[in-house]
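Going line by line, the protein sequences match chains A and B. Letter by letter, the first sequence follows residues 18 to 158 in the working numbering. Letter by letter, the second sequence follows residues 18 to 158 in the working numbering. Report on one structure; see the data block that follows.
Number of protein chains: 2
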Amino acid sequence: MSDDLAQRLREQGLRLTPQRQLILRAVEELRHATPDEVLCHVREQVSSVNASTVYRTLEVLEELGLVRHTHLSDRAPTYHSTLEHEHVHVVCRRCQKVRSYGPELVAPLVEALAADGFTMDVGHLAVFGQCTDCGTTSEQT
Amino acid sequence: MSDDLAQRLREQGLRLTPQRQLILRAVEELRHATPDEVLCHVREQVSSVNASTVYRTLEVLEELGLVRHTHLSDRAPTYHSTLEHEHVHVVCRRCQKVRSYGPELVAPLVEALAADGFTMDVGHLAVFGQCTDCGTTSEQT
DNA sequence: CTAGGTGCAAAGTCTTTGCATGATA
DNA sequence: TATCATGCAAAGACTTTGCACCTAG
């Protein structure tokens, strides 16, 4: 995986740096991490890594196809490794819990859109709603 | 519609103000508008409406069930009227155009999730991807 | 040695908040 | 006239950018 990083960077004439390795590893370890969470995680191991480096690195890693991001809240995006199988995120607004499903969950949707001339980005999808349990056990805000 | 606004506000012990009427109308007229776009639109009619009023009002209108928001880009959210039929947004990353589909597009998804104890929020969904023949199809809705 | 990368600080975008003033019911 | 709403300005969360210095290849 870090081998993969080195190779893909080389292919683009980019350099392998400790920061890039650490940030990729952080994304792999934390499974759905915001840039800030990645920063904190990396800083537990090495001090003085800068937030701007995290943003720039996540962008590079995404271009290299090693990480992906999605929006699981109305706030900061979350990044995950592409080593994980492609998956769809389903988020409960009430309990904030995130479920992951395989691409087959949205196969009919992908097909319907394909038939209409649109290629869907499955890995970016975030479905919001509410766990049935949350709805019946919690009271409204 | 504005009658509806007055009534729903009254039910909550809230007040009908010109700003609230204008902001709701702006959302209805512009079909997918960011808070900033709403602000600009309202200011074309009345000067000195404040951005914070727009944010606060959109929040109130959403609580009253008169508007909804979704995320059609990595930037500001867009609001639309609930007078429109519930619809799913499909966004091309390349040409930025937005297609709208009826809820039947995601019926299988809704069912699959329901069977798994999850109630999906259809109107909030934004599907990203790319027009197969990008730039020549789809009209903005 | 040299292009690319990092840290730092400042600026930018979008949104929220505190408070005094103003308007609605 | 009692609240509730608004405008304003300041602060906040998140992200981007410019620049000097540093480092991998």
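Positions of the beta carbon are idealized from the N, C-alpha and C atoms, including for glycine.
Give the interface partners of residue i over in chain B, defined as CB-CB distance under 8 Å, in chain order.
i, result
"residue 150 (chain A)", "134"
"residue 30 (chain A)", "Per Cβ cutoff of 8 Å: no residues; residue 30 (chain A) is ~25 Å from chain B at best."
"residue 129 (chain A)", "122"
Is there a Cβ from chain B that is less than 8 Å from the Cβ of residue i?
i, result
"residue 156 (chain A)", "Low per-residue confidence applies at residue 156 (chain A): pLDDT is 39, beneath 50, and the placement is therefore not dependable, though the value from the model is reported in the following sentence. No, residue 156 (chain A) lies away from the interface with chain B (no Cβ there is under 8 Å from its Cβ)."
"residue 138 (chain A)", "yes"
"residue 144 (chain A)", "yes"
"residue 88 (chain A)", "yes"
"residue 19 (chain A)", "Caution applies to residue 19 (chain A), whose pLDDT of 48 falls short of 50 and renders its modelled position unreliable; the model cannot decide the point."
Could you compute how far the alpha carbon of residue i sits from the alpha carbon of residue j?
i, j, result
"residue 151 (chain B)", "residue 107 (chain B)", "13 Å"
"residue 59 (chain A)", "residue 32 (chain B)", "50 Å"
"residue 42 (chain A)", "residue 61 (chain A)", "13 Å"
"residue 79 (chain A)", "residue 86 (chain A)", "8 Å"
"residue 28 (chain B)", "residue 81 (chain B)", "10 Å"
"residue 95 (chain A)", "residue 144 (chain A)", "14 Å"
"residue 26 (chain A)", "residue 77 (chain A)", "9 Å"
"residue 88 (chain B)", "residue 38 (chain A)", "31 Å"
"residue 159 (chain B)", "residue 54 (chain B)", "Because residue 159 (chain B) is not part of the residues shown, which for chain B are 18 to 158, the question remains open."
"residue 92 (chain A)", "residue 50 (chain A)", "12 Å"
"residue 64 (chain A)", "residue 121 (chain A)", "42 Å"
"residue 84 (chain A)", "residue 75 (chain A)", "8 Å"
"residue 141 (chain B)", "residue 118 (chain A)", "19 Å"
"residue 72 (chain B)", "residue 35 (chain B)", "15 Å"
"residue 132 (chain A)", "residue 66 (chain B)", "45 Å"
"residue 127 (chain B)", "residue 139 (chain B)", "8 Å"
"residue 115 (chain A)", "residue 56 (chain A)", "22 Å"
"residue 125 (chain B)", "residue 24 (chain A)", "41 Å"
"residue 112 (chain A)", "residue 30 (chain A)", "44 Å"
"residue 22 (chain B)", "residue 97 (chain B)", "15 Å"
"residue 158 (chain A)", "residue 110 (chain A)", "With a pLDDT of 29 at residue 158 (chain A), under the threshold of 50, the modelled position of this residue cannot be trusted; read the value that follows with caution. One C-alpha to the other measures close to 12 Å."
"residue 129 (chain B)", "residue 123 (chain A)", "9 Å"
"residue 52 (chain A)", "residue 90 (chain A)", "14 Å"
"residue 104 (chain B)", "residue 101 (chain A)", "31 Å"
"residue 149 (chain A)", "residue 48 (chain A)", "25 Å"
"residue 147 (chain A)", "residue 69 (chain B)", "29 Å"
Give a yes or no on whether 8 Å exceeds the smallest Cβ distance from residue i to chain A.
i, result
"residue 141 (chain B)", "yes"
"residue 147 (chain B)", "yes"
Listing by chain order, which chain A residues have their CB less than 8 Å from the CB of residue i?
i, result
"residue 125 (chain B)", "125, 126"
Could you tell me which residues DSSP pairs with residue i in its beta bridges?
i, result
"residue 136 (chain A)", "B:147"
"residue 50 (chain B)", "B:96"
"residue 32 (chain A)", "DSSP lists no partner for residue 32 (chain A)."
"residue 116 (chain A)", "A:107"
Interface residues of chain A around residue i at Cβ under 7 Å?
i, result
"residue 107 (chain B)", "130, 135"
Runs of alpha helix (DSSP H) wholly within the stretch 54-95 of chain B (minimum 4 residues, chain order): 68-80
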